[in-house]
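Read in order, the letters of the sequence shown are residues 238 to 442 in our numbering. One structure is given below, encoded as structure tokens.
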Amino acid sequence: MMKLYNNPQSRGMIVMLLLKELGIEDQIEQINVPYENMHQAEYLTINPMGKVPCLVDHGVVISEVAAIFTYLSDKYMEKGLAPALDDPKRGAYLKWMFFCHGPLTEFMDLKGLGVSDEQIEQRKRSLTFGHEESVLAFLKNAMQEANPYLLGEKISAADLFLGYWLIFAIYLKILPYLDEFKPFIQLIGSRDSMKGVPWLQQINA
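Laid out in structure tokens, this is it:
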């Protein structure tokens, strides 16, 4: 049985949404790792970064959220949340998975740390997201092209991943709740797996 080392107050919350969507909650042993234990020797032997979530499957350690999402969606490809390896939509799918894990979360982290727009502008060439205008333009273009999901008529793990991070960024007031975002967020937010996500309830209050 796979093991998922997690903490309910961590980024691992999004992995829980995926487990519900895949219907595999009973196939994974969930191990809660309190924050005070993340940098203890016992857990560091599993993930030297001292972070959760972390998935272990047959001795293989998968330690990044985007990697866990991609791995599980591929492992259970019959569930329909990942395009096949030879599907032309696979490239766009991976683009969105890693845009969220790279440029979008880097942008969110810097804004959350209070890095000024002026500092970001000065360093935009070395930042994966460039600056705020480019992030917003990229996201607005995606929302305009969604039909109704990122890859067309069928939902994928990329929709869940982007939807969660959009909701979280809007909740933190890092991104504005633009009209262009609302149809997509409402679509993702209507899924059973999203019920109980506090950020969604707050932005819709």
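Using N, Cα and C, we set each Cβ at its ideal position, and we do this for glycine too.
Might you give, ordered along the chain, the residues of its own chain that have their beta carbon closer than 8 Å to the beta carbon of residue i, omitting 5 neighbours on each side?
i       : result
Gln-356 : none
Asn-284 : Tyr-242, Cys-291, Val-298 and Ser-300
Going straight from the alpha carbon of residue i to that of residue j, what length do you get?
i       : j       : result
Asp-324 : Lys-377 : 25 Å
Gly-433 : Leu-254 : 10 Å
Glu-258 : Phe-421 : 17 Å
Asn-269 : His-276 : 14 Å
Asp-429 : Gln-359 : 43 Å
Arg-362 : Ser-371 : 12 Å
Gly-339 : Phe-366 : 8 Å
Glu-279 : Glu-417 : 46 Å
Val-297 : Ser-247 : 22 Å
Leu-281 : Trp-402 : 27 Å
Tyr-313 : Leu-388 : 19 Å
Gly-317 : Ala-394 : 9 Å
Arg-327 : Gln-264 : 26 Å
Glu-369 : Lys-332 : 19 Å
Asn-244 : Val-289 : 7 Å
Leu-424 : Tyr-308 : 24 Å
Val-302 : Gly-249 : 7 Å
Gly-260 : Gln-381 : 30 Å
Phe-344 : Met-431 : 24 Å
Ile-299 : Lys-410 : 30 Å
Gln-439 : Met-286 : 31 Å
Asp-311 : Gly-400 : 19 Å
Lys-419 : Asp-346 : 23 Å
Pro-271 : Phe-336 : 29 Å
Phe-306 : Glu-390 : 20 Å
Ala-329 : Glu-315 : 19 Å
Within its chain, find whatever has a CB closer than 6 Å to the CB of residue i; leave out the 5 residues flanking it on each side and keep chain order.
i       : result
Tyr-386 : Ile-392 and Asp-396
Leu-412 : Ala-406
Leu-341 : Trp-402
Leu-256 : Glu-262
Is residue i helix, strand or coil when you go by DSSP?
i       : result
Gly-296 : coil
Lys-240 : strand
Gly-426 : helix
Gly-433 : coil
Gly-367 : coil
Gln-264 : helix
Asn-269 : strand
Excluding the 5 residues preceding and the 5 following residue i in the sequence, name in chain order all residues of the same chain whose CB lies nearer than 7 Å to its CB.
i       : result
Trp-436 : Ile-404, Phe-405 and Tyr-408
Tyr-414 : Ile-407 and Ile-440
Gln-267 : Leu-241 and Asn-243
> Quick check: the stretch 285-303 against the stretch 343-354, are there 3 or more CB pairs under 8 Å?
Replying inline: no
>> Quick check for students: name the residue ranges of the alpha helix (DSSP H) that lie wholly in the stretch 372-416, counting only runs of 4 or more.
In response: 394-408
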